[in-house]
Amino acid sequence: MGTSQPLFRLSSEILALIMDHLRGLDHRSVFVVRLVCRVLDSLATPVAYRAIQLNHRIIDPSAPSLYPGLLEHVSCFTHEVTVRSDLPSTDVRRVLSAIEHLSLVRWSFVSRDNSNLRLPWDILDADQVERSGTSIAVENLPLGGANCDLDESCFINPALTRRMVSLKLSSPKPPLTTRSGSLKRLVLQSPHLRTMHYRDLGIGTSFSFGGSERLPAVVDLVLQSYNWDHSADEVVRHWDFSQIRSLELVNMPVANFLASVRLGDFARLHTLRVEDYGGHLQETRPGATLRLCELVRDHVEALETLDITCHTQLFELEAIGRHRHSLRVLRYRDHVGFEDDSKRCPTLARSELAALGHRLGHVHTLELDMDGGGGGGGNGGVGGGGDLVEAVSSSFARLHTLTLHVQTRIRSCDPVEPDRDRDREAALDVFGRLVGRRAWRRVTINVGGWRRAMVRRMGYGWKRHNEQGVYAERCFWLEADGRGGYSVGEETALGGAICRPSRALCISWPGLRR
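Counting from 6, one number per residue, gives the positions in the sequence shown under this note's numbering.
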(Lines of atoms letter the chains of each structure in order from A and count residues from 1; the text may use other names and numbers.)
(Lines give C-alpha, C1' and ligand atoms only; values in the text may rest on other atoms or scores of the structure.)
Protein backbone atom coordinates (compact mmCIF):
# COMPACT_ATOMS: atom_id res chain seq x y z
CA MET A 1 0.00 0.00 0.00
CA GLY A 2 1.54 3.28 -1.05
CA THR A 3 1.62 6.39 1.06
CA SER A 4 -0.38 8.23 -1.61
CA GLN A 5 -3.52 6.80 -0.01
CA PRO A 6 -5.63 9.53 1.72
CA LEU A 7 -5.12 7.88 5.10
CA PHE A 8 -1.38 8.50 4.99
CA ARG A 9 -1.78 12.17 4.22
CA LEU A 10 -2.83 12.59 7.83
CA SER A 11 -0.21 13.59 10.36
CA SER A 12 1.34 10.90 12.53
CA GLU A 13 -0.31 12.48 15.58
CA ILE A 14 -3.79 12.09 14.06
CA LEU A 15 -3.03 8.53 12.98
CA ALA A 16 -1.89 7.75 16.51
CA LEU A 17 -5.18 9.13 17.85
CA ILE A 18 -7.06 6.89 15.42
CA MET A 19 -5.13 3.90 16.72
CA ASP A 20 -5.92 4.90 20.30
CA HIS A 21 -9.61 5.12 19.47
CA LEU A 22 -9.52 1.74 17.75
CA ARG A 23 -7.81 0.22 20.77
CA GLY A 24 -10.59 1.52 22.99
CA LEU A 25 -13.19 -0.14 20.77
CA ASP A 26 -11.41 -3.44 20.16
CA HIS A 27 -7.88 -4.04 21.40
CA ARG A 28 -7.34 -7.09 19.17
CA SER A 29 -8.06 -5.06 16.05
CA VAL A 30 -4.92 -3.02 16.63
CA PHE A 31 -2.84 -6.18 16.24
CA VAL A 32 -4.64 -6.92 12.97
CA VAL A 33 -3.92 -3.42 11.65
CA ARG A 34 -0.20 -4.09 12.13
CA LEU A 35 -0.38 -6.67 9.32
CA VAL A 36 -1.62 -4.20 6.68
CA CYS A 37 1.66 -2.46 5.88
CA ARG A 38 4.90 -1.27 7.45
CA VAL A 39 3.60 2.24 8.06
CA LEU A 40 0.59 1.03 10.04
CA ASP A 41 2.76 -1.55 11.78
CA SER A 42 5.04 1.20 13.06
CA LEU A 43 2.04 3.23 14.26
CA ALA A 44 -0.01 0.39 15.71
CA THR A 45 2.71 -1.57 17.52
CA PRO A 46 3.30 0.96 20.34
CA VAL A 47 -0.46 1.28 20.84
CA ALA A 48 -1.04 -2.48 20.80
CA TYR A 49 1.59 -3.16 23.45
CA ARG A 50 0.98 -0.11 25.65
CA ALA A 51 -1.15 -2.10 28.11
CA ILE A 52 -0.99 -5.89 28.33
CA GLN A 53 -2.20 -8.71 30.52
CA LEU A 54 0.45 -11.26 31.35
CA ASN A 55 -0.32 -14.92 30.77
CA HIS A 56 1.59 -18.19 30.86
CA ARG A 57 2.67 -17.90 27.22
CA ILE A 58 4.24 -14.46 27.62
CA ILE A 59 6.17 -15.32 30.78
CA ASP A 60 7.24 -18.77 29.60
CA PRO A 61 11.08 -18.95 29.41
CA SER A 62 10.73 -20.26 25.85
CA ALA A 63 8.64 -17.25 24.72
CA PRO A 64 11.54 -15.52 22.85
CA SER A 65 11.89 -18.48 20.48
CA LEU A 66 8.16 -19.17 20.18
CA TYR A 67 7.15 -15.53 19.64
CA PRO A 68 10.07 -13.63 18.08
CA GLY A 69 10.02 -9.94 18.90
CA LEU A 70 7.31 -10.24 21.55
CA LEU A 71 9.42 -9.48 24.60
CA GLU A 72 11.31 -6.75 22.74
CA HIS A 73 8.00 -5.00 22.02
CA VAL A 74 6.93 -5.45 25.64
CA SER A 75 10.22 -4.01 26.86
CA CYS A 76 10.05 -0.96 24.59
CA PHE A 77 6.36 -0.09 24.40
CA THR A 78 4.53 -1.49 27.44
CA HIS A 79 3.62 0.91 30.24
CA GLU A 80 0.73 -0.84 32.00
CA VAL A 81 0.67 -4.51 33.00
CA THR A 82 -2.09 -6.61 34.54
CA VAL A 83 -0.80 -9.60 36.53
CA ARG A 84 -2.89 -12.50 37.78
CA SER A 85 -2.00 -13.57 41.30
CA ASP A 86 -1.72 -17.23 40.26
CA LEU A 87 1.18 -16.68 37.83
CA PRO A 88 4.69 -17.81 38.89
CA SER A 89 6.36 -14.91 40.69
CA THR A 90 9.86 -15.57 39.33
CA ASP A 91 8.77 -15.51 35.70
CA VAL A 92 6.59 -12.44 36.19
CA ARG A 93 9.42 -10.55 37.85
CA ARG A 94 11.76 -11.40 34.97
CA VAL A 95 9.38 -9.93 32.39
CA LEU A 96 8.51 -6.85 34.44
CA SER A 97 12.13 -6.00 35.20
CA ALA A 98 12.86 -5.74 31.46
CA ILE A 99 10.20 -3.07 30.84
CA GLU A 100 11.83 0.31 30.33
CA HIS A 101 8.97 2.56 31.46
CA LEU A 102 6.62 0.69 33.77
CA SER A 103 3.96 3.17 34.88
CA LEU A 104 1.29 0.85 36.32
CA VAL A 105 1.09 -2.70 37.65
CA ARG A 106 -2.42 -4.01 38.21
CA TRP A 107 -2.40 -7.02 40.56
CA SER A 108 -5.57 -9.12 40.22
CA PHE A 109 -6.47 -11.87 42.69
CA VAL A 110 -8.01 -14.92 41.04
CA SER A 111 -8.03 -17.46 43.86
CA ARG A 112 -7.90 -17.64 47.64
CA ASP A 113 -6.25 -20.99 48.21
CA ASN A 114 -3.89 -19.57 50.82
CA SER A 115 -5.11 -18.23 54.15
CA ASN A 116 -2.51 -15.45 54.11
CA LEU A 117 -2.94 -12.97 51.27
CA ARG A 118 0.20 -11.52 49.73
CA LEU A 119 0.58 -8.32 47.75
CA PRO A 120 2.78 -8.14 44.62
CA TRP A 121 5.92 -6.96 46.37
CA ASP A 122 7.90 -10.08 45.38
CA ILE A 123 7.36 -9.48 41.64
CA LEU A 124 8.52 -5.86 41.74
CA ASP A 125 11.99 -4.39 41.65
CA ALA A 126 12.00 -1.53 44.17
CA ASP A 127 14.68 0.38 42.24
CA GLN A 128 12.73 0.04 38.99
CA VAL A 129 9.52 1.16 40.70
CA GLU A 130 11.26 4.23 42.07
CA ARG A 131 12.99 5.02 38.79
CA SER A 132 9.85 4.68 36.66
CA GLY A 133 7.44 6.13 39.20
CA THR A 134 5.38 2.95 38.97
CA SER A 135 1.89 2.97 40.47
CA ILE A 136 0.29 -0.17 41.91
CA ALA A 137 -3.37 -1.18 41.74
CA VAL A 138 -4.83 -4.17 43.61
CA GLU A 139 -8.10 -5.74 42.41
CA ASN A 140 -10.46 -8.41 43.76
CA LEU A 141 -8.70 -8.66 47.11
CA PRO A 142 -10.60 -11.54 48.80
CA LEU A 143 -10.18 -10.28 52.34
CA GLY A 144 -12.54 -11.88 54.84
CA GLY A 145 -13.34 -14.77 57.12
CA ALA A 146 -11.45 -16.25 60.02
CA ASN A 147 -8.77 -17.84 57.85
CA CYS A 148 -8.09 -15.20 55.22
CA ASP A 149 -6.08 -12.15 56.21
CA LEU A 150 -3.26 -10.01 54.88
CA ASP A 151 0.16 -11.54 55.41
CA GLU A 152 2.59 -9.55 57.53
CA SER A 153 4.81 -9.21 54.45
CA CYS A 154 2.25 -6.75 53.06
CA PHE A 155 3.37 -4.13 55.55
CA ILE A 156 7.16 -4.45 55.65
CA ASN A 157 7.93 -2.44 52.52
CA PRO A 158 6.50 1.09 52.92
CA ALA A 159 8.33 2.21 49.76
CA LEU A 160 5.96 -0.02 47.77
CA THR A 161 2.77 0.57 49.76
CA ARG A 162 3.29 4.29 49.13
CA ARG A 163 2.98 3.48 45.42
CA MET A 164 -0.47 1.93 45.75
CA VAL A 165 -3.12 4.09 44.05
CA SER A 166 -6.07 1.69 43.87
CA LEU A 167 -7.44 -0.96 46.22
CA LYS A 168 -10.58 -2.90 45.31
CA LEU A 169 -11.98 -5.70 47.45
CA SER A 170 -14.07 -8.58 46.16
CA SER A 171 -17.32 -9.29 48.00
CA PRO A 172 -16.17 -11.56 50.84
CA LYS A 173 -17.65 -14.94 51.71
CA PRO A 174 -17.87 -14.99 54.68
CA PRO A 175 -17.94 -11.28 55.66
CA LEU A 176 -14.87 -9.31 56.68
CA THR A 177 -15.69 -9.77 60.38
CA THR A 178 -12.50 -8.75 62.18
CA ARG A 179 -10.42 -8.17 59.05
CA SER A 180 -11.21 -4.48 58.67
CA GLY A 181 -8.31 -3.75 61.04
CA SER A 182 -5.62 -5.11 58.72
CA LEU A 183 -7.30 -3.41 55.77
CA LYS A 184 -7.22 -0.08 57.58
CA ARG A 185 -3.55 -0.61 58.36
CA LEU A 186 -2.80 -1.14 54.67
CA VAL A 187 -4.81 1.93 53.62
CA LEU A 188 -3.05 4.12 56.18
CA GLN A 189 0.30 3.04 54.71
CA SER A 190 -0.88 4.09 51.23
CA PRO A 191 -0.95 7.92 51.28
CA HIS A 192 -1.36 8.16 47.49
CA LEU A 193 -4.39 5.86 47.36
CA ARG A 194 -6.99 7.39 45.04
CA THR A 195 -9.46 4.51 44.57
CA MET A 196 -10.88 2.45 47.43
CA HIS A 197 -13.70 -0.06 46.96
CA TYR A 198 -14.69 -1.54 50.32
CA ARG A 199 -17.05 -4.52 50.05
CA ASP A 200 -18.61 -6.54 52.85
CA LEU A 201 -21.89 -8.42 53.34
CA GLY A 202 -25.00 -7.87 55.45
CA ILE A 203 -24.82 -5.18 58.13
CA GLY A 204 -21.07 -5.04 57.61
CA THR A 205 -18.14 -3.80 59.63
CA SER A 206 -16.35 -0.47 59.95
CA PHE A 207 -12.95 0.99 60.71
CA SER A 208 -12.06 1.74 64.31
CA PHE A 209 -9.79 4.79 64.47
CA GLY A 210 -7.39 6.00 67.08
CA GLY A 211 -5.14 8.97 67.69
CA SER A 212 -4.16 10.94 64.59
CA GLU A 213 -5.01 8.22 62.06
CA ARG A 214 -6.34 9.77 58.86
CA LEU A 215 -7.28 8.01 55.64
CA PRO A 216 -5.88 9.30 52.33
CA ALA A 217 -7.96 11.65 50.18
CA VAL A 218 -9.49 9.18 47.75
CA VAL A 219 -11.07 10.24 44.46
CA ASP A 220 -13.22 7.14 43.89
CA LEU A 221 -14.89 5.63 46.98
CA VAL A 222 -17.24 2.64 47.17
CA LEU A 223 -18.65 1.60 50.55
CA GLN A 224 -20.71 -1.59 50.32
CA SER A 225 -22.13 -2.98 53.57
CA TYR A 226 -19.95 -0.59 55.56
CA ASN A 227 -21.60 -0.05 58.94
CA TRP A 228 -21.11 3.72 59.09
CA ASP A 229 -21.23 4.62 62.77
CA HIS A 230 -18.81 7.57 62.76
CA SER A 231 -19.71 10.86 64.39
CA ALA A 232 -19.19 14.21 62.69
CA ASP A 233 -16.11 14.77 64.85
CA GLU A 234 -14.64 11.39 63.85
CA VAL A 235 -15.20 12.18 60.18
CA VAL A 236 -13.35 15.49 60.45
CA ARG A 237 -10.40 13.83 62.20
CA HIS A 238 -10.10 10.56 60.28
CA TRP A 239 -11.67 10.93 56.81
CA ASP A 240 -10.63 13.22 53.94
CA PHE A 241 -13.22 13.91 51.21
CA SER A 242 -11.43 16.91 49.73
CA GLN A 243 -10.66 15.11 46.44
CA ILE A 244 -13.78 12.94 46.10
CA ARG A 245 -15.24 12.70 42.59
CA SER A 246 -17.13 9.39 42.62
CA LEU A 247 -19.14 8.08 45.59
CA GLU A 248 -21.13 4.85 45.87
CA LEU A 249 -23.00 3.92 49.05
CA VAL A 250 -24.51 0.44 48.86
CA ASN A 251 -26.24 -1.56 51.63
CA MET A 252 -25.20 0.85 54.35
CA PRO A 253 -26.76 3.41 56.74
CA VAL A 254 -26.82 6.36 54.38
CA ALA A 255 -28.70 8.54 56.88
CA ASN A 256 -25.81 8.19 59.34
CA PHE A 257 -23.30 8.98 56.60
CA LEU A 258 -25.06 12.10 55.33
CA ALA A 259 -25.63 13.38 58.86
CA SER A 260 -21.95 13.12 59.79
CA VAL A 261 -20.22 14.55 56.70
CA ARG A 262 -19.93 18.10 55.40
CA LEU A 263 -22.00 18.14 52.22
CA GLY A 264 -19.85 20.91 50.75
CA ASP A 265 -16.94 18.46 50.54
CA PHE A 266 -18.79 16.66 47.72
CA ALA A 267 -19.22 19.66 45.44
CA ARG A 268 -17.08 18.19 42.66
CA LEU A 269 -18.74 14.78 42.47
CA HIS A 270 -19.40 13.54 38.95
CA THR A 271 -20.83 10.16 40.03
CA LEU A 272 -23.24 9.49 42.90
CA ARG A 273 -24.82 6.11 43.57
CA VAL A 274 -26.99 5.41 46.62
CA GLU A 275 -29.01 2.19 46.68
CA ASP A 276 -29.94 -1.13 48.32
CA TYR A 277 -30.08 -0.64 52.03
CA GLY A 278 -29.92 -4.28 53.11
CA GLY A 279 -30.38 -4.73 56.84
CA HIS A 280 -30.23 -1.01 57.62
CA LEU A 281 -33.98 -0.48 57.97
CA GLN A 282 -33.55 3.09 59.16
CA GLU A 283 -32.55 4.03 55.62
CA THR A 284 -36.20 4.05 54.58
CA ARG A 285 -36.76 7.06 56.84
CA PRO A 286 -37.67 10.29 55.03
CA GLY A 287 -34.72 12.13 56.57
CA ALA A 288 -32.19 10.24 54.46
CA THR A 289 -34.00 11.24 51.24
CA LEU A 290 -34.29 14.89 52.28
CA ARG A 291 -30.59 15.06 53.09
CA LEU A 292 -29.74 13.33 49.81
CA CYS A 293 -31.89 15.83 47.93
CA GLU A 294 -30.08 18.68 49.66
CA LEU A 295 -26.74 17.24 48.61
CA VAL A 296 -27.75 16.94 44.94
CA ARG A 297 -29.65 20.23 44.79
CA ASP A 298 -27.49 22.60 46.81
CA HIS A 299 -23.95 21.24 46.92
CA VAL A 300 -22.93 19.03 43.98
CA GLU A 301 -22.07 21.24 41.03
CA ALA A 302 -22.24 19.01 37.93
CA LEU A 303 -23.25 15.35 38.17
CA GLU A 304 -22.70 13.10 35.17
CA THR A 305 -24.14 9.93 36.74
CA LEU A 306 -26.92 9.88 39.34
CA ASP A 307 -28.09 6.46 40.55
CA ILE A 308 -30.33 6.63 43.62
CA THR A 309 -33.00 4.66 45.46
CA CYS A 310 -35.01 6.92 47.75
CA HIS A 311 -38.50 8.18 48.64
CA THR A 312 -39.12 9.62 45.18
CA GLN A 313 -42.15 11.57 46.40
CA LEU A 314 -39.84 13.51 48.73
CA PHE A 315 -36.96 13.99 46.30
CA GLU A 316 -37.41 17.22 44.33
CA LEU A 317 -37.11 16.78 40.57
CA GLU A 318 -35.63 20.26 40.43
CA ALA A 319 -32.58 18.83 42.20
CA ILE A 320 -32.06 16.55 39.18
CA GLY A 321 -32.86 19.29 36.68
CA ARG A 322 -30.10 21.41 38.18
CA HIS A 323 -27.61 19.05 36.48
CA ARG A 324 -29.23 19.26 33.04
CA HIS A 325 -26.03 20.43 31.34
CA SER A 326 -23.84 17.61 32.69
CA LEU A 327 -26.06 14.60 33.47
CA ARG A 328 -25.59 11.60 31.16
CA VAL A 329 -26.85 8.65 33.22
CA LEU A 330 -29.95 8.75 35.46
CA ARG A 331 -31.22 5.83 37.53
CA TYR A 332 -34.06 6.99 39.75
CA ARG A 333 -35.95 4.40 41.82
CA ASP A 334 -38.20 4.21 44.86
CA HIS A 335 -37.75 2.10 48.01
CA VAL A 336 -41.09 0.35 47.42
CA GLY A 337 -40.01 -1.37 44.22
CA PHE A 338 -41.95 -4.32 42.82
CA GLU A 339 -41.05 -7.26 45.05
CA ASP A 340 -44.51 -7.14 46.67
CA ASP A 341 -47.33 -7.22 44.12
CA SER A 342 -49.85 -5.94 46.69
CA LYS A 343 -48.13 -2.53 46.92
CA ARG A 344 -48.13 0.39 44.52
CA CYS A 345 -44.72 1.77 43.62
CA PRO A 346 -44.59 5.59 43.37
CA THR A 347 -44.22 6.56 39.72
CA LEU A 348 -43.57 9.87 37.99
CA ALA A 349 -46.62 11.39 36.32
CA ARG A 350 -46.50 11.73 32.55
CA SER A 351 -46.22 15.52 32.79
CA GLU A 352 -43.33 15.25 35.27
CA LEU A 353 -41.52 12.70 33.15
CA ALA A 354 -41.98 14.68 29.94
CA ALA A 355 -40.81 17.90 31.58
CA LEU A 356 -37.77 16.15 33.04
CA GLY A 357 -36.96 14.58 29.68
CA HIS A 358 -37.07 17.89 27.85
CA ARG A 359 -34.69 19.39 30.40
CA LEU A 360 -32.23 16.49 30.44
CA GLY A 361 -31.22 16.66 26.81
CA HIS A 362 -27.85 14.96 27.35
CA VAL A 363 -29.08 11.84 29.22
CA HIS A 364 -28.37 8.70 27.18
CA THR A 365 -29.08 6.05 29.86
CA LEU A 366 -32.27 6.05 31.96
CA GLU A 367 -33.70 3.69 34.60
CA LEU A 368 -37.13 4.27 36.17
CA ASP A 369 -40.00 2.65 38.05
CA MET A 370 -43.23 2.49 36.08
CA ASP A 371 -46.28 1.19 37.95
CA GLY A 372 -49.11 1.36 35.46
CA GLY A 373 -52.00 0.41 37.73
CA GLY A 374 -53.20 -1.52 40.74
CA GLY A 375 -50.85 -4.18 42.06
CA GLY A 376 -51.18 -7.67 40.72
CA GLY A 377 -53.41 -7.68 37.68
CA GLY A 378 -55.34 -5.72 35.12
CA ASN A 379 -53.07 -2.92 33.99
CA GLY A 380 -50.59 -3.37 36.81
CA GLY A 381 -47.76 -4.35 34.47
CA VAL A 382 -45.78 -2.38 31.96
CA GLY A 383 -48.62 -2.50 29.47
CA GLY A 384 -50.65 -0.24 31.75
CA GLY A 385 -48.08 2.57 31.55
CA GLY A 386 -48.57 3.49 27.91
CA ASP A 387 -48.64 7.22 28.56
CA LEU A 388 -45.37 7.00 30.47
CA VAL A 389 -43.74 4.94 27.73
CA GLU A 390 -44.79 7.59 25.22
CA ALA A 391 -43.46 10.35 27.48
CA VAL A 392 -40.07 8.64 27.66
CA SER A 393 -39.81 7.99 23.93
CA SER A 394 -40.90 11.50 22.95
CA SER A 395 -38.48 13.29 25.29
CA PHE A 396 -34.88 12.61 26.43
CA ALA A 397 -33.47 13.56 23.04
CA ARG A 398 -30.27 11.48 23.25
CA LEU A 399 -31.64 8.46 25.08
CA HIS A 400 -30.50 5.09 23.70
CA THR A 401 -30.46 2.79 26.76
CA LEU A 402 -33.59 2.35 28.88
CA THR A 403 -34.53 0.16 31.86
CA LEU A 404 -38.12 0.07 33.12
CA HIS A 405 -39.08 -1.62 36.39
CA VAL A 406 -42.71 -2.77 36.38
CA GLN A 407 -45.15 -4.99 38.25
CA THR A 408 -46.17 -8.44 37.07
CA ARG A 409 -49.52 -8.81 35.33
CA ILE A 410 -49.98 -12.24 36.92
CA ARG A 411 -51.81 -12.72 40.21
CA SER A 412 -51.07 -15.56 42.59
CA CYS A 413 -54.78 -16.39 42.85
CA ASP A 414 -55.23 -16.66 39.07
CA PRO A 415 -55.19 -20.06 37.37
CA VAL A 416 -52.19 -20.84 35.19
CA GLU A 417 -52.87 -20.11 31.52
CA PRO A 418 -50.96 -22.78 29.55
CA ASP A 419 -51.09 -20.93 26.23
CA ARG A 420 -50.57 -17.36 27.41
CA ASP A 421 -47.73 -15.32 28.90
CA ARG A 422 -49.14 -11.96 29.99
CA ASP A 423 -45.85 -10.37 31.06
CA ARG A 424 -44.12 -11.37 27.84
CA GLU A 425 -47.02 -10.02 25.77
CA ALA A 426 -46.86 -6.70 27.60
CA ALA A 427 -43.09 -6.46 27.18
CA LEU A 428 -43.28 -7.13 23.43
CA ASP A 429 -46.02 -4.51 23.12
CA VAL A 430 -43.83 -1.90 24.81
CA PHE A 431 -40.82 -2.84 22.69
CA GLY A 432 -42.93 -2.34 19.57
CA ARG A 433 -44.07 1.11 20.67
CA LEU A 434 -40.57 2.19 21.61
CA VAL A 435 -38.82 1.14 18.39
CA GLY A 436 -41.55 2.79 16.39
CA ARG A 437 -40.36 6.17 17.67
CA ARG A 438 -36.56 6.03 17.72
CA ALA A 439 -33.47 3.82 17.52
CA TRP A 440 -32.31 2.05 20.67
CA ARG A 441 -29.15 0.28 21.74
CA ARG A 442 -30.83 -1.65 24.53
CA VAL A 443 -34.17 -1.65 26.37
CA THR A 444 -34.69 -3.76 29.49
CA ILE A 445 -38.03 -4.45 31.17
CA ASN A 446 -37.58 -5.76 34.71
CA VAL A 447 -40.77 -7.39 35.99
CA GLY A 448 -41.66 -8.00 39.63
CA GLY A 449 -38.29 -7.07 41.13
CA TRP A 450 -36.23 -9.60 39.15
CA ARG A 451 -32.59 -10.00 40.12
CA ARG A 452 -30.00 -12.39 38.82
CA ALA A 453 -29.68 -13.75 42.37
CA MET A 454 -32.93 -13.52 44.33
CA VAL A 455 -35.47 -15.16 46.59
CA ARG A 456 -38.71 -15.54 44.66
CA ARG A 457 -42.13 -14.65 46.05
CA MET A 458 -43.38 -16.71 48.99
CA GLY A 459 -46.87 -18.01 49.67
CA TYR A 460 -48.89 -21.00 48.55
CA GLY A 461 -50.25 -19.36 45.40
CA TRP A 462 -46.85 -18.34 44.05
CA LYS A 463 -45.27 -21.63 45.06
CA ARG A 464 -47.95 -23.41 43.04
CA HIS A 465 -47.28 -21.13 40.05
CA ASN A 466 -43.50 -21.59 40.32
CA GLU A 467 -43.85 -25.36 40.29
CA GLN A 468 -45.59 -25.01 36.91
CA GLY A 469 -42.91 -22.72 35.51
CA VAL A 470 -44.77 -19.43 36.03
CA TYR A 471 -42.86 -16.68 37.85
CA ALA A 472 -43.61 -13.12 38.89
CA GLU A 473 -39.96 -12.08 38.49
CA ARG A 474 -38.87 -11.73 34.87
CA CYS A 475 -36.41 -9.70 32.83
CA PHE A 476 -36.93 -9.05 29.10
CA TRP A 477 -34.53 -7.22 26.81
CA LEU A 478 -34.37 -5.77 23.34
CA GLU A 479 -30.99 -5.03 21.79
CA ALA A 480 -29.82 -3.63 18.46
CA ASP A 481 -28.38 -6.47 16.37
CA GLY A 482 -26.02 -4.31 14.29
CA ARG A 483 -27.89 -5.09 11.07
CA GLY A 484 -30.71 -2.57 11.32
CA GLY A 485 -32.98 -4.77 13.42
CA TYR A 486 -33.27 -6.00 16.98
CA SER A 487 -32.88 -9.17 19.02
CA VAL A 488 -35.31 -9.85 21.87
CA GLY A 489 -34.76 -12.22 24.77
CA GLU A 490 -35.22 -13.02 28.42
CA GLU A 491 -32.54 -13.08 31.09
CA THR A 492 -32.01 -16.23 33.15
CA ALA A 493 -31.65 -16.00 36.93
CA LEU A 494 -29.02 -17.98 38.80
CA GLY A 495 -30.25 -21.54 38.97
CA GLY A 496 -31.44 -21.46 35.38
CA ALA A 497 -35.18 -21.07 36.04
CA ILE A 498 -36.92 -19.31 33.19
CA CYS A 499 -40.60 -18.81 32.71
CA ARG A 500 -42.53 -21.10 30.43
CA PRO A 501 -42.62 -21.08 27.39
CA SER A 502 -38.92 -21.62 26.66
CA ARG A 503 -39.13 -19.82 23.31
CA ALA A 504 -39.12 -16.54 25.27
CA LEU A 505 -35.41 -16.95 25.97
CA CYS A 506 -34.15 -15.42 22.73
CA ILE A 507 -35.89 -14.53 19.48
CA SER A 508 -35.08 -12.41 16.47
CA TRP A 509 -37.29 -9.47 15.64
CA PRO A 510 -36.39 -8.71 12.01
CA GLY A 511 -39.57 -6.76 11.37
CA LEU A 512 -38.47 -3.90 13.59
CA ARG A 513 -36.15 -1.68 11.60
CA ARG A 514 -34.30 1.28 12.98
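Yeah, the Cβ is synthetic: ideal placement off N, Cα and C, and Gly gets one too. Owing to the predicted nature of the structure, the values given are computational and were not obtained by experimental measurement.
The alpha-carbon separation between G474 and P423 amounts to approximately 10 Å. Three or more Cβ pairs closer than 8 Å define a contact, and the stretch 20-34 meets that threshold against the stretch 44-55.
Under the 10 Å beta carbon count, L30 is surrounded by fewer than 16 other beta carbons and is classified as exposed.
With respect to A103, S70 sits apart: the two C-beta atoms are not nearer than 8 Å.
Under the three-state reduction of DSSP output, E372 falls in the strand class.
When secondary structure is reduced to three states using DSSP, W467 falls in the helix class.
Distance from the Cα of C350 is smallest, within the candidate group A359, Y337, L361, for Y337. R204 is the residue among D392, R204, R443 whose C-alpha sits nearest the C-alpha of V227.
Annotated as proximal: R273 and R250, with beta-carbon spacing under 8 Å. Taking each of S187, T200, S171, G377 in turn and checking the Cα distance to L353, the smallest one comes out for G377.
Just measuring C-alpha positions, the residue of H26, W482, N451 sitting nearest Y476 is N451. Taking 8 Å as the cut-off, the beta carbon of T406 is found closer than this to the beta carbon of R447. If you draw a 10 Å sphere on the C-beta of C480, you find 16 or more other C-beta atoms in it, and that means buried. DSSP, read as helix, strand or coil, puts K178 in coil.
DSSP places N261 in the helix class (H, G or I) of the three-state scheme. The alpha carbon of S113 has as its nearest neighbour, out of N162, Q133, R99, S171, the alpha carbon of S171. Around the Cβ of N60, a 10 Å sphere holds fewer than 16 other Cβ atoms; the residue is exposed. The way I'd put it, the stretch 174-193 does touch the stretch 206-223; three or more beta-carbon pairs between them come closer than 8 Å.
Secondary structure within the stretch 294-329: the alpha helix (DSSP H) runs of 4 or more consecutive residues, fully enclosed, are 322-326 (chain order). Remark: fewer than three beta-carbon pairs, one from each stretch, lie closer than 8 Å, so the stretch 455-469 and the stretch 424-437 are not flagged as touching. Sequence-distant partners of L206 (beyond 5 residues in either direction) whose C-beta falls short of 6 Å from its own C-beta, in its chain, are P180, S230.
Distance from the CA atom of E430 to the CA atom of M459, rounded to whole angstroms, is 24 Å.
Taking a contact to require three or more Cβ pairs closer than 8 Å, the stretch 159-168 and the stretch 194-201 qualify as touching. In its chain, beyond the 5 residues on either side, I64, D65, P66 have a beta carbon closer than 8 Å to the beta carbon of D96. Non-local beta-carbon contacts of V266 in its own chain, meaning distances under 6 Å to residues more than five positions away in sequence, involve V240 in chain order.
Look at the stretch 43-82 and you find these whole runs of alpha helix (DSSP H), each 4 residues long or longer: 43-53, 61-64, 68-71, 75-82. Excluding its 5 nearest sequence neighbours in each direction, M201 has C-beta neighbours in its own chain below 6 Å: L172, V223, L226, listed in chain order.
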